[in-house]
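Beneath this line is the structure, given in structure tokens, with notes to follow.
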Amino acid sequence: FIAILCHGKLLNGIERQLFLDLDSEETKMNLAILPNLFEYQNLSENDKIGFCNRISELKSSAEELISLAPKDEKTLFCELESIEQDFRNLQEFCMETETKWTIHHSWSFLYSPKSLHDKILNSIELAIDEAHPKLSDDFHDHIHYMKRLASALSNSVDILFLSDDTEEGLVNLFSIDILATQILSSLYKLRINSSVLR
6 FIAILCHGKL
16 LNGIERQLFL
26 DLDSEETKMN
36 LAILPNLFEY
46 QNLSENDKIG
56 FCNRISELKS
66 SAEELISLAP
76 KDEKTLFCEL
86 ESIEQDFRNL
96 QEFCMETETK
106 WTIHHSWSFL
116 YSPKSLHDKI
126 LNSIELAIDE
136 AHPKLSDDFH
146 DHIHYMKRLA
156 SALSNSVDIL
166 FLSDDTEEGL
176 VNLFSIDILA
186 TQILSSLYKL
196 RINSSVLR
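If you want our numbering, it's the 1-based position in the sequence shown plus 5.
If you want it as structure tokens, here you go:
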């Protein structure tokens with residue numbers, strides 16, 4: 006049994022330390038993403054673990070959003086605040102040697118935007134391109150919209166972890182960041198939505 010202690014991470018306001026078993030098949034499978042991308046394969050073991058753990062946690066947060074049950078708005082808003090904090094902290098993730106900007110810039114340098122776009126799943130593209138609800142739209146319209154984004158994000162994570170095609174992996178990595186940003190933007194907008202009862 007070999008374990009590595011990942012960097013502490015704030016989730017729901019609580020710092021967590023995560024031990025990953027490097028001998029487990031699930032860990033080996035998750036770390037084996039983007040097998041033909043030199044930039045990813047050249048990362049340190051800690052950075053690979055931190056990178057994959059962030060992606061897994063984004064899926065967990067997305068599924069938490071999807072599973073929100075109908076309830077009174079005050080209770081629902083409190084639950085959304087917790088989810089907002091998770092997404093915000095996961096979007097601020099950084100590694101020892103890479104930033105999100107260098108990942109987006111250098112990892113895709115050899116691939117054209119068209120070749121990447123050709124690999125995106127239609128349902129994920131539709132979710133990315135869906136119009137945001139207006140600021141004044143009903144609270145529940147925003148919830149339904151975010152759940153659709155979260156479902157697409159969860160699908161993108163699954164594809165990223167299972168794909169051995171570099172362009173397919175990259176376009177889903179970028180889709181994950183786009184969808185997470187859109188979810189976070191929607192959560193921020195609820196703070197100035199006049200239909201929200203607190």
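The C-beta atom is built at its ideal place from N, Cα and C for all residues, glycine as well.
Q. When the Cα of Glu-62 is compared with those of Asn-94, Glu-78, Glu-44, which residue comes out closest?
A. The candidate whose alpha carbon is nearest that of Glu-62 is Asn-94.
Q. According to the neighbour-count rule (16 or more other Cβ atoms, all chains shown, within 10 Å of its Cβ), is Gln-46 buried or exposed?
A. Looking at its Cβ environment, which holds fewer than 16 other Cβ atoms inside 10 Å, Gln-46 is exposed.
Q: Compute the distance between the beta-carbons of Glu-130 and Arg-153, then report whether it is under 8 Å.
A: Cβ atoms of Glu-130 and Arg-153: not closer than 8 Å.
Q: Report yes if the C-beta distance between Gln-96 and Ala-185 is below 8 Å; otherwise report no.
A: It is a contact, given that the beta carbons lie within the stated cut-off.
Q) Which residues in the same chain as Gln-187 place their Cβ atom closer than 6 Å to its Cβ, once the five residues preceding and following it in sequence are excluded? A) Around Gln-187, the same chain offers Leu-154 as residues with beta carbons nearer than 6 Å, after the five sequence neighbours per side are excluded.
Q: Determine the closest residue to Leu-178 out of His-122, Leu-195, Leu-189, with distance taken between C-alpha atoms.
A: With distances taken between Cα atoms, Leu-178 lies closest to His-122.
Q) Per the contact definition of three or more C-beta pairs closer than 8 Å, is the stretch 195–203 in contact with the stretch 66–84? A) Counting Cβ pairs under 8 Å, three or more are found: they touch.
Q) What separation, rounded to the nearest whole angstrom, lies between the Cα atoms of Asp-142 and Phe-82? A) So the two alpha carbons sit approximately 16 Å from each other.
Q. Roughly how many angstroms lie between the CA atoms of Ile-164 and Ser-191, to the nearest whole one?
A. Their Cα atoms are separated by approximately 24 Å.
Q. Are the beta-carbon atoms of Leu-189 and Phe-98 separated by less than 8 Å?
A. No, they are not a contact pair.
Q) Roughly how many angstroms separate the alpha carbons of His-137 and Leu-42, rounded to a whole number? A) One C-alpha to the other measures close to 34 Å.
**Q.** Three-state secondary structure assigned by DSSP to Ser-49
**A.** Note: Ser-49 maps to coil in three-state DSSP.
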